Each structure stands twice: as structure tokens, then as C-alpha cells.
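Counted from 1, the sequence shown has number 48 at position 48 by full-length UniProt numbering; the numbering is strictly sequential. We put the beta carbon where it would ideally sit given N, CA and C, even for glycine. All of these numbers come straight from a predicted model, not from anything done at the bench. Working notes for the structure below.
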Amino acid sequence: MTALPKSPRVLTLANQKGGVGKTTTAINLGTALAAIGETVLIIDVDPQGNASTGLGIDRQARSVSTAELLLNEATVMEAAIPTAVPRLSVAASTMDLLGLEQEISGSKDRAFRLREALKAHADLGDEIPEDKRFTYVLIDCPPSLNLLTINAMAAAHSILVPLQCEFFALEGLTQLIQTVNQVKGALNPDLSIHGIVMTMYDKRNNLSNQVVEDVREHMGDKVYETIIPRNVRVSEAPSYGKPALLYDLKCSGSQAYLKLASEIIQREKKLRHVAA
Ligand code: ADP
Ligand code: MG
């Protein structure tokens, strides 16, 4: 196994529960990072392709997709499609990802397909055009712990876990952490959990507060200070093929994602300081 290059930073958004805000966070955190000057690639490894659709990428525009990336039939350079957001590209997914697991499950490097693709891109060095010199890669996972998610975890420096402010928020987190530890032990020794982001927070609902308190009690400072509120503008934006930040920059959801992006960059700086 080859070591991960330091740049770009690769963050994988994982939670085997569906509907917790993985895709929404990938789209809007990616947009927010790009807005503050980072060059970002979102890799959509969910066959449902919601991140790709939410970023306005038509099905016809997906002739090269993450399936080809995982089959090593295309490079990151070929798969990265520019979006309406400056400095933000997306490697889109198609339903082809559904059959892919079986196709690669027999091969020895089945868990490292994405990691190798990203490594090959980084190895191009100065040959990479400026708009594809990514400083952050966000990988949006399907709602399961399958081979696609394992590929996403094996390719990452860190895992970012979106957790919905609901009664069963912590349920499933133990299993997710176990999987992260297994991947760390067997496939990716440098893997860590970057942080937990609480999503769809409703300040009028006591339960939301209770859940945030519970999760902070269990997970301590792994939980980001920034909490993403439930906001109707955030849920409307994908139907216009736009990130919330383009659809309505002033809404509370967009503002929260901008705050999350700065918090993540701060955390990254601290990590680098510690490592130096
Ligand atoms: P996942 O990718 O984990 O399945 P999604 O990001 O697709 O979850 O979110 C699930 C649903 O919740 C979507 O309909 C999305 O629009 C909505 N949603 C996510 N975050 C918010 C938010 N902050 N405010 C309102 N709706 C949200
Ligand atoms: Mg999703």
C-alpha cells in the first residue's frame, strides 16, 4: 500500500444511516470550502447520485463517472466535472456503481481503487491544471458499509460523520466507529475521525437540544461546535440543481456551512501544527 499524499486533504462523509445529511453536507461544505478559497473535488460514490444531481450535473453529462474511476478505466482528471461554483468540481455517480461491487470484489486491490486513483492524480504534480489542483476532496458515501464505503474510507485521511438531531442519533455510531477502526487496522493506518457534525437541528424542539447534549457527552470535542440547523432553503436547493449557498447565501443553513468550513480549516491547521 502506498502512503496517502498530504495534499489534497481527503475527508469521507460516512454514516450507514440514510437521510442524516451526508449528501447535503458534501454539497454545501464543498461549496463553502470553495467559497473561502480552497479548490474542492466532491466524489459521489452513492449510486443514487444525489450529490451529482444536487450540483446540477445532468445524467447525460456523466459519461465518465466514479464507476470508471473505481474500475481504473478513467483518471480523476477525466472524471472531475466543473460545477457552477468556481473551484468546485464533482466526480459524478451513475447506477453503474450498483453492479461494480461484484465486478471488483474478486480483485486483490478491491478496497484501494479510489485511493490509487487519487494517488495517481497527486503524482501528476505540476502537470495538473490549476482548477484541478485540489486542496480538499470530499467523498459522499452511500447509506451502507459496503465496498464503496470501504473504498472511500481507505482513500481518506479522515472521516466526517453527519449525525441527525433525532432520538436514535447515537444508534449505529458504535458500528460506524468499529468499521473505521477496522479500516484503520487493515487498510489505512493513518485514518482518524475528523469530527461529528450535528445536522437538522431544530431550536424549537427540546429533543434537538437533548440529542446534542447526549452526543457531546459521549463524543466530547469530536463534535464540531458548528451545528447545522434544519432549514427549508437547504432542502429546496437541490431541486434547482444548486448548493444552498448559491440558492440563498443568507439563509441560516448556508451560513452554518460557511462556519463549519472555517472550523474544519482551523482543525486542519491544528493537526498540521501538532504533526510538525
Ligand atoms: P443522506 O445523504 O445522509 O442520505 P441527505 O443529505 O440526502 O442525507 O438529507 C436527507 C434529507 O434531509 C434530504 O431531503 C435533505 O434535503 C434534507 N436535509 C438535509 N439537511 C437539511 C437541513 N439542514 N435542513 C433541512 N433539510 C435538510
Ligand atoms: Mg446521500
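message: Measuring only from the beta carbon, is Gln164 closer than 8 Å to any heavy atom that is part of ligand 2?
response: no
query: Heavy atom of ligand 1 less than 8 Å from the Cβ of Ser235, yes or no?
result: yes
- request: Answer with buried or exposed for Val64, where buried requires no fewer than 16 other C-beta atoms within 10 angstroms of its C-beta.
  value: buried
query: When DSSP labels each residue in this structure, what does residue 285 get in the three-state scheme?
result: This structure does not reach residue 285, given that the chain is present from 1 up to 276, and the question cannot be answered.
message: Whole angstroms are fine: how far does the CA of Thr23 sit from the CA of His157?
response: 19 Å
Sequence-distant residues of the same chain with beta carbon closer than 7 Å to Ser144, five excluded per side: Gln16
message: How far does the beta strand (DSSP E) with Arg62 in it extend, from its first residue to its last?
response: Where Arg62 is concerned, there is no enclosing beta strand (DSSP E), given that its DSSP letter is neither H nor E.
field: Start-to-end residues for the beta strand (DSSP E) that takes in Val163
entry: Here residue 163 is Leu; the residue named in the question, Val, does not match the sequence. Here the beta strand (DSSP E) through Leu163 covers Ser158 to Gln164.
message: Across the region 79 to 99 and the region 53 to 70, are there enough close Cβ pairs to call them in contact, namely three or more that are closer than 8 Å?
response: yes
query: Do you know how far the Cα of Leu245 is from the Cα of Val239?
result: Reading off the sequence shown, one finds Ser at residue 239, where the question assumed Val. If you take the alpha carbons of Ser239 and Leu245, they lie about 14 Å apart.
Cβ contact (3+ pairs, closer than 8 Å) linking the region 231 to 238 and the region 207 to 223: no
query: Which whole-angstrom value describes the C-beta separation of Cys141 and Val45, a residue pair presumed to lie in contact below a C-beta threshold of 8 Å?
result: 6 Å
query: Going by the CB atoms, is the gap between Leu41 and Leu160 shorter than 9 Å?
result: no
- prompt: Since Leu260 contacts Leu29 with CB under 8 Å, what's their CB separation in whole angstroms?
  reply: 6 Å
Distance cut-off 8 Å: Ile228 Cβ against heavy atoms of ligand 1: yes
- request: Would you kindly report the start and end of the unbroken beta strand (DSSP E) that includes Ala91?
  value: Leu88 to Ala91
message: What does the alpha-carbon distance come out to for the pair Ala120 and Glu127?
response: 12 Å
field: Outcome for Phe134 when other beta-carbon atoms lying within 10 angstroms are tallied against a minimum of 16
entry: buried
query: Measuring from the CB of Thr24, is there a heavy atom of ligand 1 at a distance below 8 Å?
result: yes
Endpoints, the alpha helix (DSSP H) within which Thr25 is located: Lys22 to Ala35
- request: Assuming Val180 and Leu173 form a contact by the criterion Cβ under 8 Å, report the distance between their Cβ atoms to the nearest whole angstrom.
  value: Not a contact, Cβ separation roughly 10 Å.
query: Looking at Met198 and Cys165, is the spacing between their C-beta atoms short of 9 Å?
result: yes
Alpha carbon of Ile193 to alpha carbon of Leu100, nearest angstrom: 27 Å
task: With a threshold of 8 Å, establish whether the CB of Pro143 neighbours any heavy atom of ligand 2.
output: yes
task: Select from Leu176, Gly125 and Ser254 the residue whose C-alpha is nearest the C-alpha of Pro5.
output: Gly125
query: How long is the line joining the alpha carbons of Gly195 and Thr226, rounded to whole angstroms?
result: 11 Å
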